[in-house]
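Q: Protein chains in written order, with the numbering used here: chain A, 53 to 167; chain B, 1216 to 1332.
Cβ coordinates follow ideal geometry from the N, Cα and C atoms, glycine included.
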């Protein structure tokens, strides 16, 4: 079974500060890993993905994440926060084997950006 | 590409009533997924279709829930005899045929928010 743990349900940073959102996963097989962002009353938008290629993954809006197998982590970072980054962020894992498609999501981290 | 479309956006119903939601995936996406999201939680997988075949079902999908994708295009999710615990956001996602490096990329709709009174 797979699982995702997002440390910190709320993170608050100042505009221009580093953003670090933590995600640890558990999977018995090589995983696919994803970060999604959700704005109020909207669906989820894919930020970036890891599917067994480069371990440092760059996504949209200046976000990036690094897959660390030894630490079973896939933390999301952005060097400089912007007000528009305020949203809910979800880390998700899926089984990398053929035919398995269900995403398992963490409980989310709400990012607040202070002016 | 108009994105994944879900209707209605909001549904208010009384306990015991049946409700049906519709999802129109992105054109030519052959995979379609349903998830449920309750307040303060991440989405939980319900079921998945490849074309018209329902290939995975979560244990969350009780016998009151049924999903169809009759022609491999749009899908419907029906909840019979709704309960207050069914109140949630129901999200639909779709994905295209896979290519290397784009495995299991799912594109989500805005969801249908169900309130059971």
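Does any residue of chain B have a CB that is nearer than 8 Å to the CB of residue 53 (chain A)?
A: Residue 53 (chain A) does not count as touching chain B.
Q: Round the Cβ separation of residue 1279 (chain B) and residue 1294 (chain B) to the nearest angstrom and send it over; I've been treating them as touching at under 8 Å.
A: Contact holds; Cβ gap of about 6 Å.
Q: Does the beta carbon of residue 1223 (chain B) sit closer than 8 Å to a beta carbon anywhere in chain A?
A: No - not a single Cβ of chain A is within 8 Å of the one on residue 1223 (chain B).
Q: If residue 165 (chain A) sits next to residue 85 (chain A), beta carbons under 8 Å apart, how far is it from one beta carbon to the other, in whole angstroms?
A: That pair is no contact at about 24 Å.
Q: Using a Cβ-Cβ distance cut-off of 8 Å, determine whether residue 1325 (chain B) contacts chain A.
A: Judged by the 8 Å Cβ criterion, residue 1325 (chain B) is in contact with chain A.
Q: Give the range of the beta strand (DSSP E) segment to which residue 1227 (chain B) is assigned.
A: That run of the beta strand (DSSP E) goes 1225-1228.
Q: Do residue 216 (chain A) and residue 90 (chain A) have their C-beta atoms within less than 8 Å of each other?
A: Residue coverage of chain A in this structure runs from 53 to 167, which leaves residue 216 (chain A) outside it and unanswerable.
Q: Would the beta-carbon of residue 1247 (chain B) fall within 8 Å of that of residue 1307 (chain B)?
A: A contact, by the Cβ cut-off of 8 Å.
Q: Can you say whether residue 1219 (chain B) is buried or exposed, counting buried as having 16 or more other CB atoms within 10 angstroms of its CB?
A: Buried, since its Cβ has 16 or more Cβ neighbours within 10 Å.
Q: Closer than 6 Å by C-beta to residue 1222 (chain B): which residues in its own chain qualify, once you throw out the five before and the five after it? Chain order, please.
A: Same-chain partners within the cutoff: 1237.
Q: Just to confirm, are residue 154 (chain A) and residue 1260 (chain B) a CB contact at a threshold of 8 Å?
A: Their beta carbons are under 8 Å apart, which means residue 154 (chain A) touches residue 1260 (chain B) by this criterion.
Q: Assuming residue 161 (chain A) and residue 60 (chain A) are in contact, meaning their beta carbons sit under 8 Å apart, how far apart are those beta carbons, in whole angstroms?
A: That belief holds up - the Cβ atoms of residue 161 (chain A) and residue 60 (chain A) are roughly 6 Å apart, short of 8 Å.
Q: Does residue 1284 (chain B) get closer than 8 Å to chain A when you measure Cβ to Cβ?
A: Not closer than 8 Å to any Cβ of chain A, the Cβ of residue 1284 (chain B) fails to qualify, so no.
Q: What number of angstroms, rounded off, separates the C-alpha of residue 102 (chain A) from the C-alpha of residue 167 (chain A)?
A: Approximately 32 Å between the Cα atoms of the pair.
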